[in-house]
Amino acid sequence: MKTYKFIFFDADDTLFDFRKSESHAFKKLLSEFNLELNFENYIKSYRNISDKLWLDLEKNIITLNELKLLRFELFANKINLDVDSETLSKMYLNFLGECTFLIPGAIDILPYLKEKYTIVIITNGIYEVQKKRLENSRIKGYIDGIVVSEELKISKPNPEIFKYALKKFNCHDKSSALMVGDSLTSDILGGINSGIDTCWLNSNNNINYTNHIPTYEINTLLELNKLL
């Protein structure tokens with residue numbers, strides 16, 4: 010086992026429970042327009058739209074600003090909601106920033122890791138949301154810093170965002186860094202492209218159909234206790 014000094018974590022669905030947060034924020038958004046009775050159908054439609062756009066962002070097909078508006082423009086058109094996408098986006102992001110739900114094990118493993126490593130979040134998330142969530146969360150005191158793609162206008166898996174994090178936090182030897190994340194196409198591929206060891210958080214026991222092979226694979230965050 011290598012001796013690491015820096016642990017880079019993804020945020021959504023690695024430390025923060027994004028699906029739960031998304032569901033909570035989206036329901037509050039629908040309630041503003043008395044649409045919450047159709048929540049299950051509407052969130053399924055929204056997620057189909059949003060998930061595809063996030064993949065497009067990873068491939069540099071669209072920008073984050075375009076994603077923020079386009080997903081609500083497409084959703085509003087689909088359900089014939091006469092509200093502009095900018096208004097919907099601002100309301101949703103405000104609700105999302107209030108959600109600090111954590112992935113099981115996050116609050117337990119971080120105190121252990123904090124004693125041994127510099128802990129940094131590298132996220133493709135939206136700046137205002139990620140900063141607000143971290144500031145209000147129970148894990149704030151265990152995080153040494155955060156790198157948000159929107160700030161840099163660079164998204165994972167682009168290796169430049171990892172190079173930025175290495176430089177910013179004075180990690181002069183990338184072999185001393187480990188990237189932990191749930192996404193094979195952003196976290197793991199990004200780490201591989203950057204020459205950084207990777208750990209895939211495979212919470213749902215998914216089969217890896219990609220060519221992106223992580224250095225390690227875990228099913229829960231608590232397994233980092235044995236790995237590190």
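Oh and the sequence shown: position 194 is 203 in our numbering, straight run, nothing missing. Just so it is clear, CB atoms sit at the ideal spot from N, CA and C, and this is done for glycine as well. Quick caveat, the model's predicted, so the values are computed rather than measured.
To the nearest angstrom, report how far apart K53 and H181 are at their CA atoms. Against the sequence shown, residue 53 aligns to sequence position 44. Against the sequence shown, residue 181 aligns to sequence position 172. If I take the Cα positions, the gap works out to 44 Å.
Quick one: is G150 buried, meaning 16 or more other Cβ sit within 10 Å of its Cβ, or exposed? Start at 1 with the first residue of the sequence shown, and residue 150 comes out as number 141. By the 10 Å Cβ count, G150 comes out exposed.
Report the rounded CA-to-CA distance for I16 versus N57, giving the unit in angstroms. The residue labelled residue 16 in the question sits at position 7 within the sequence shown. The residue labelled residue 57 in the question sits at position 48 within the sequence shown. Whole-angstrom Cα-Cα distance: 32 Å.
Start-to-end residues for the beta strand (DSSP E) that takes in Y121: Counted from its first residue, the sequence shown places residue 121 at position 112. Note, Y121: premise wrong, no beta strand (DSSP E); alpha helix (DSSP H) at 115-123.
Rounded to a whole number of angstroms, what is the C-alpha to C-alpha distance between L233 and Y51? Counting from one through the sequence shown, the residue named residue 233 turns up at place 224. Counting from one through the sequence shown, the residue named residue 51 turns up at place 42. So the two alpha carbons sit approximately 37 Å from each other.
What does the Cβ neighbour count give for S40, buried or exposed, with the cut at 16 atoms within 10 Å? Position 31 of the sequence shown, counted from the first residue, corresponds to residue 40. So S40 counts as exposed.
Does the segment 205-221 come close enough to the segment 27-43 that 3 or more CB-CB pairs lie under 8 Å? no
Which residues does DSSP pair with E144 in a beta bridge? Locating residue 144 in the sequence shown gives position 135, counting from the first residue. According to DSSP, E144 bridges with nothing at all.
CB of T132 within 8 Å of CB of D19, strictly: Mapped onto the sequence shown, residue 132 falls at position 123. Mapped onto the sequence shown, residue 19 falls at position 10. Contact flag set, yes.
Could you have a look at E226 and say whether DSSP puts it in helix, strand or coil? As a first step, residue 226 is located in the sequence shown; it is residue number 217 there, counting from the start. If DSSP states are grouped into helix, strand and coil, E226 belongs with the strands.
Beta strand (DSSP E) containing G106: first to last residue? Working through the sequence shown from its first residue, we reach residue 106 at position 97. That residue, G106, is in no beta strand (DSSP E); its alpha helix (DSSP H) goes 94-106.
Euclidean distance between Cα positions of K68 and L187: As a first step, residue 68 must be located in the sequence shown, where it is residue number 59. As a first step, residue 187 must be located in the sequence shown, where it is residue number 178. Cα-Cα distance, rounded: 23 Å.
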